[in-house]
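Structure first, commentary second.
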Amino acid sequence: MKKYDVTALGELLIDFTENGVSGQGNPIYEANPGGAPCNVLAMLAKLERKTAFIGKVGQDIFGNRLKEILAETGIDTSNLVMDKDVRTTLAFVETFPDGDRDFSFYRNPGADMMLREDEVREDILRDTKIFHFGTLSMTHEEVRRATKKAVETAKAAGAVLSFDPNLREPLWNSLEEAKEQTAYGLSKCDFLKISDNEIRWFTGEEDFDAGIRKLRGQYDIPLIVLSMGKDGSRAYYKDLRVEVAPFLQENTIETTGAGDTFGACCLHYVLQCGLDGFDEDSLREMLVFANAAASIITTRKGALRVMPTMNEVQELIKKFK
Numbered sequence: 046m047k048k049y050d051v052t053a054l055g056e057l058l059i060d061f062t063e064n065g066v067s068g069q070g071n072p073i074y075e076a077n078p079g080g081a082p083c084n085v086l087a088m089l090a091k092l093e094r095k096t097a098f099i100g101k102v103g104q105d106i107f108g109n110r111l112k113e114i115l116a117e118t119g120i121d122t123s124n125l126v127m128d129k130d131v132r133t134t135l136a137f138v139e140t141f142p143d144g145d146r147d148f149s150f151y152r153n154p155g156a157d158m159m160l161r162e163d164e165v166r167e168d169i170l171r172d173t174k175i176f177h178f179g180t181l182s183m184t185h186e187e188v189r190r191a192t193k194k195a196v197e198t199a200k201a202a203g204a205v206l207s208f209d210p211n212l213r214e215p216l217w218n219s220l221e222e223a224k225e226q227t228a229y230g231l232s233k234c235d236f237l238k239i240s241d242n243e244i245r246w247f248t249g250e251e252d253f254d255a256g257i258r259k260l261r262g263q264y265d266i267p268l269i270v271l272s273m274g275k276d277g278s279r280a281y282y283k284d285l286r287v288e289v290a291p292f293l294q295e296n297t298i299e300t301t302g303a304g305d306t307f308g309a310c311c312l313h314y315v316l317q318c319g320l321d322g323f324d325e326d327s328l329r330e331m332l333v334f335a336n337a338a339a340s341i342i343t344t345r346k347g348a349l350r351v352m353p354t355m356n357e358v359q360e361l362i363k364k365f366k
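Numbering-wise (our numbering), the sequence shown opens with residue 46 and increments by one.
See the structure below:
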């Protein structure tokens, strides 16, 4: 038995999200803990999975706070590196009327991109069932080497590799470099969570099924889940293609963390069923649960600290039935 269900490596940062207007008419920003890998782990922790995080923050006000929040959430922080020489990464999030977002990153450098290869603890990676990563930890050479060391260590230890490209265009020197590193992730993963805009970007195909066919022609990925926002989600597994409608709610305020919540719930089912144990019914059940959880998070500010419980997700599913 391995100690951890899921270990993730990547960015841990502060998302400054708009929260009203001051008396002088200036936007007020709330400092929410964020970063896609930890959002994933936070949702899994709510589902009573054992999780661990590998990454770096600054030894500053925000870094100390983030470490406290991860511990409070139940995420193992023994490989969270605190660096006195760099500052914790910050992101300012602008939310549009339809709930979509735009990001401005303060990361030149930010602590998350300064994680070194020798700071990655191999014992944690050998003791995890699933290792999850994205591309934000591959935008710069130092952290890229650390990420690839983690991937190879986890793979050698028999972990399932989970990948979410989570494209953030402003953080790359070029989109060609982003494609190159995304291709690396696709070549290594056993489970892929990808969004509608990312599949179009990477494959050049407008039709999602055509894009997935192209991916599967290049990469041997056993399970692919596609998030399509207001159009729901799909799972592609062996010769099965399962699509499930979204849970649309009137009180949606923003989409921050929705994709991470969705992906985490799918990983919960991978842990439950195993990559070889899915059928059409279990894929459908997985997508319904993941869509419901993602829908709940769109009604809350931030993500990491406000992930829904199992009961909340099940209640929403019952309500929509």
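In this text, a Cβ means the ideal position worked out from N, Cα and C, and glycines have one as well. Please read these numbers as outputs of a predicted model, since none were measured by experiment.
Inter-residue spacing [alpha-carbon to alpha-carbon] between residue i and residue j
i: residue 333; j: residue 218; result: 37 Å
i: residue 164; j: residue 126; result: 8 Å
i: residue 51; j: residue 176; result: 6 Å
i: residue 311; j: residue 106; result: 34 Å
i: residue 245; j: residue 149; result: 23 Å
i: residue 248; j: residue 256; result: 6 Å
i: residue 201; j: residue 179; result: 19 Å
i: residue 64; j: residue 119; result: 27 Å
i: residue 350; j: residue 162; result: 29 Å
i: residue 68; j: residue 302; result: 29 Å
i: residue 102; j: residue 227; result: 24 Å
i: residue 335; j: residue 190; result: 32 Å
i: residue 151; j: residue 71; result: 20 Å
i: residue 359; j: residue 130; result: 45 Å
i: residue 266; j: residue 325; result: 17 Å
i: residue 389; j: residue 300; result: The shown model of the chain, from 46 to 366, leaves out residue 389, and the question about it has no answer.
i: residue 250; j: residue 104; result: 44 Å
i: residue 285; j: residue 279; result: 10 Å
i: residue 241; j: residue 159; result: 30 Å
i: residue 223; j: residue 192; result: 15 Å
i: residue 198; j: residue 283; result: 27 Å
i: residue 264; j: residue 209; result: 15 Å
i: residue 82; j: residue 88; result: 10 Å
i: residue 205; j: residue 357; result: 28 Å
i: residue 365; j: residue 297; result: 16 Å
i: residue 215; j: residue 225; result: 16 Å
i: residue 362; j: residue 337; result: 6 Å
i: residue 328; j: residue 74; result: 39 Å
Assigned exposure category for residue i - 16 Cβ within 10 Å defines buried
i: residue 243; result: buried
i: residue 77; result: buried
i: residue 331; result: buried
i: residue 354; result: exposed
i: residue 207; result: buried
i: residue 293; result: exposed
i: residue 211; result: buried
i: residue 124; result: buried
i: residue 46; result: exposed
i: residue 80; result: buried
i: residue 232; result: exposed
i: residue 347; result: buried
i: residue 230; result: buried
i: residue 95; result: buried
i: residue 15; result: This structure gives no information on residue 15, because the portion of the chain shown stretches from 46 to 366.
i: residue 147; result: exposed
i: residue 290; result: exposed
i: residue 60; result: buried
i: residue 287; result: buried
i: residue 84; result: buried
i: residue 196; result: buried
Bridge-paired residues (DSSP) for residue i
i: residue 114; result: In the DSSP output, where bridge partners are listed per residue, residue 114 has none listed.
i: residue 149; result: 137
i: residue 182; result: Its beta-bridge partners do not exist; DSSP assigns none.
i: residue 269; result: 237 and 281
i: residue 177; result: 53 and 207
i: residue 286; result: 281
i: residue 74; result: 63
i: residue 341; result: DSSP output for residue 341 lists no bridge partner at all.
i: residue 100; result: 125
i: residue 58; result: 79
i: residue 120; result: 96
Presumed contact (8 Å Cβ cut-off) between residue i and residue j, rounded CB distance
i: residue 111; j: residue 57; result: 6 Å
i: residue 156; j: residue 128; result: 5 Å
i: residue 100; j: residue 133; result: With 8 Å as the limit, residue 100 and residue 133 do not qualify as a contact, their Cβ atoms being about 11 Å apart.
i: residue 49; j: residue 173; result: 4 Å
i: residue 122; j: residue 98; result: 6 Å
Original post:
Taking three-plus beta-carbon pairs below 8 Å as touching, is the segment 229-245 in contact with the segment 254-274?
Top reply: A contact exists between the segment 229-245 and the segment 254-274.
Original post:
Can at least three beta-carbon pairs, one atom from the segment 338-346 and one from the segment 102-117, be found at a separation below 8 Å?
Top reply: Here the segment 338-346 does not lie against the segment 102-117, with fewer than 3 beta-carbon pairs under 8 Å apart.
**OP:** State whether the segment 295-314 contacts the segment 246-260, with contact taken as three or more CB pairs (one from each stretch) at a distance under 8 Å.
**Re:** Flag = no, the segment 295-314 and the segment 246-260 do not touch.
Original post:
So, do the segment 130-142 and the segment 165-176 have three or more beta carbon pairs nearer to each other than 8 Å?
Top reply: A contact is defined here as three or more CB-CB pairs under 8 Å, and the segment 130-142 fails this definition with respect to the segment 165-176.
Original post:
Can at least three beta-carbon pairs, one atom from the segment 313-326 and one from the segment 182-198, be found at a separation below 8 Å?
Top reply: Flag = no, the segment 313-326 and the segment 182-198 do not touch.
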